[in-house]
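See structure below.
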Amino acid sequence: MNQPNENIDLIPDSHPRAKSLRERHKLIIGMKNLVVAEAGLIAHGRGEAFDYILGEKTNPPAIKAMNAAVAMLMLAKHPIISVNGNTAALISKELVKLSKILNSKLEINLFYRKEGRVEAIKNMLVKAGAEEILGINEIEMVEIEELTCNRRRVAPNGIKIADVVFVPLEDGDRTEALKKLGKKVIAVDLNPLSRTSINADITIVDNIIRVVPKMIEIATKLKEYTKKRLNEIILKFNNKKNICTMLNLIKEYIETQKEVSFR
Ligand code: PTJ
Numbered sequence: 086m087n088q089p090n091e092n093i094d095l096i097p098d099s100h101p102r103a104k105s106l107r108e109r110h111k112l113i114i115g116m117k118n119l120v121v122a123e124a125g126l127i128a129h130g131r132g133e134a135f136d137y138i139l140g141e142k143t144n145p146p147a148i149k150a151m152n153a154a155v156a157m158l159m160l161a162k163h164p165i166i167s168v169n170g171n172t173a174a175l176i177s178k179e180l181v182k183l184s185k186i187l188n189s190k191l192e193i194n195l196f197y198r199k200e201g202r203v204e205a206i207k208n209m210l211v212k213a214g215a216e217e218i219l220g221i222n223e224i225e226m227v228e229i230e231e232l233t234c235n236r237r238r239v240a241p242n243g244i245k246i247a248d249v250v251f252v253p254l255e256d257g258d259r260t261e262a263l264k265k266l267g268k269k270v271i272a273v274d275l276n277p278l279s280r281t282s283i284n285a286d287i288t289i290v291d292n293i294i295r296v297v298p299k300m301i302e303i304a305t306k307l308k309e310y311t312k313k314r315l316n317e318i319i320l321k322f323n324n325k326k327n328i329c330t331m332l333n334l335i336k337e338y339i340e341t342q343k344e345v346s347f348r
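Under my numbering, residues 86 to 348 are what the sequence shown spells out, in order.
Next comes the structure, spelled out in structure tokens:
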């Protein structure tokens with residue numbers, strides 16, 4: 086039987102969807118190494134479908150949301166980047182870099198708990214350069230009462246006390262629970278109509294693979310800004326309006342593709 090990495094090598098550079106196929110394989114390898122939950126593959130497939138109708142590119146509303154997100158993380162007292170299996174498998178190096186630029190701690194927080202998963206994700210983050218990782222010490226964990234799923238178990242010095250939580254690829258319940266606790270939530274979700282997208286304070290409708298490198302670029306620029314200027318970026322941002330703009334862009338994209346493909 087082929088090893089999963091051999092399968093990656095079988096994808097020729099000339100394949101029109103080589104990049105997308107390689108991302109799938111990262112997740113398949115991640116699943117075999119316990120980093121990714123089985124359902125993570127399905128979640129990625131759903132994401133791919135939305136990415137397709139966004140033109141597989143970063144659109145202006147996503148850039149706007151990323152600017153507001155970086156400003157909010159920079160102004161936060163206790164910013165936390167929540168890491169799940171998919172994000173670790175897809176972009177761990179960049180996530181670690183972003184956490185360092187933003188002085189934001191990384192916390193592993195999983196929906197699907199299975200023996201060995203936290204350890205596998207921790208190893209992946211350490212390999213990517215992470216120095217401090219929260220959410221790995223089971224006995225220290227505390228519970229968020231507002232949540233019933235596995236994600237309720239959080240680090241006492243992490244999500245529990247965070248004022249701003251960055252939650253890439255999320256399931257809806259936690260965003261609502263974190264909001265009830267008075268925290269600001271920044272979500273990355275290719276589905277602009279998910280409960281997470283609708284309930285987050287800032288929703289970045291884009292692929293996490295493109296988002297994190299772009300946020301690193303933005304953070305490098307915004308580092309020079311005063312607190313006042315960062316605050317202005319946040320005040321000017323309207324999440325619901327921004328999601329509506331994105332929905333209009335999707336409609337336009339589909340119309341254009343209809344014209345181009347079936348005219
Ligand atoms: O690692 P775990 O155990 O914490 O589990 C992680 C998953 C993602 C499996 C879990 O959180 C889950 O089941 O999530 P959902 O409810 O399927 O939601 C995931 C959302 O992320 C969906 O709305 C997808 O459209 C979106 N999504 C998938 N891939 C990407 C994405 N958004 C941005 N970038 C992606 N690459």
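Yeah, the Cβ is synthetic: ideal placement off N, Cα and C, and Gly gets one too.
Using alpha carbons as the reference points, say which of the options lies closest to residue i.
{"i": "Ser167", "options": "Glu217, Lys199, Arg107, Asn118", "result": "Glu217"}
{"i": "His163", "options": "Leu219, Gly170, Tyr197, Asn284", "result": "Leu219"}
{"i": "Ala147", "options": "Asn292, Leu320, Thr311", "result": "Asn292"}
{"i": "Lys142", "options": "Asn333, Asn323, Arg295", "result": "Arg295"}
{"i": "Tyr197", "options": "Pro97, Leu183, Glu123", "result": "Glu123"}
{"i": "Glu133", "options": "Lys149, Asn118, Met116, Leu112", "result": "Leu112"}
{"i": "Val203", "options": "Thr305, Ala304, Val345, Gly115", "result": "Gly115"}
{"i": "Ile318", "options": "Asn118, Ile93, Leu160", "result": "Leu160"}
{"i": "Asn152", "options": "Phe347, Thr305, Ile335", "result": "Thr305"}
{"i": "Met157", "options": "Val181, Lys308, Tyr338", "result": "Lys308"}
Pick helix, strand or coil for residue i, following the three-state DSSP scheme.
{"i": "Ile221", "result": "coil"}
{"i": "Leu175", "result": "helix"}
{"i": "Pro31", "result": "Given that the chain is displayed from residue 86 to residue 348, the structure contains no residue 31 and the question cannot be resolved."}
{"i": "Arg102", "result": "coil"}
{"i": "Val181", "result": "helix"}
{"i": "Glu309", "result": "coil"}
{"i": "Glu198", "result": "Note on identity: in this sequence residue 198 is Arg, with Glu being the wrong assignment. Note: Arg198 maps to coil in three-state DSSP."}
{"i": "Glu228", "result": "strand"}
Hey, could you find the ends of the beta strand (DSSP E) residue i is sitting in?
{"i": "Pro146", "result": "Careful: Pro146 lies outside any beta strand (DSSP E), inside the alpha helix (DSSP H) at 145-160."}
{"i": "Ala272", "result": "269-273"}
{"i": "Ile341", "result": "Position check: residue 341 holds Thr in this sequence, whereas Ile was assumed. Segment 324-347 is the alpha helix (DSSP H) holding Thr341; no beta strand (DSSP E) there."}
{"i": "Ile287", "result": "287-289"}
In whole angstroms, what is the alpha-carbon distance linking residue i and residue j?
{"i": "Cys234", "j": "Ser99", "result": "43 Å"}
{"i": "Asn169", "j": "Ala215", "result": "15 Å"}
{"i": "Ile244", "j": "Thr330", "result": "31 Å"}
{"i": "Leu254", "j": "Arg314", "result": "29 Å"}
{"i": "Gly130", "j": "Asn171", "result": "12 Å"}
Please name the residue or residues paired with residue i in a DSSP beta bridge.
{"i": "Ser167", "result": "Glu192"}
{"i": "Pro253", "result": "Val273"}
{"i": "Arg109", "result": "In the DSSP output, where bridge partners are listed per residue, Arg109 has none listed."}
For the alpha helix (DSSP H) holding residue i, just list the boundary residues, first then last.
{"i": "Val203", "result": "202-212"}
{"i": "Ile246", "result": "Counting along the chain, Ile246 falls outside any alpha helix (DSSP H), and DSSP gives it neither H nor E."}
{"i": "Arg280", "result": "280-284"}
{"i": "Ala134", "result": "123-137"}
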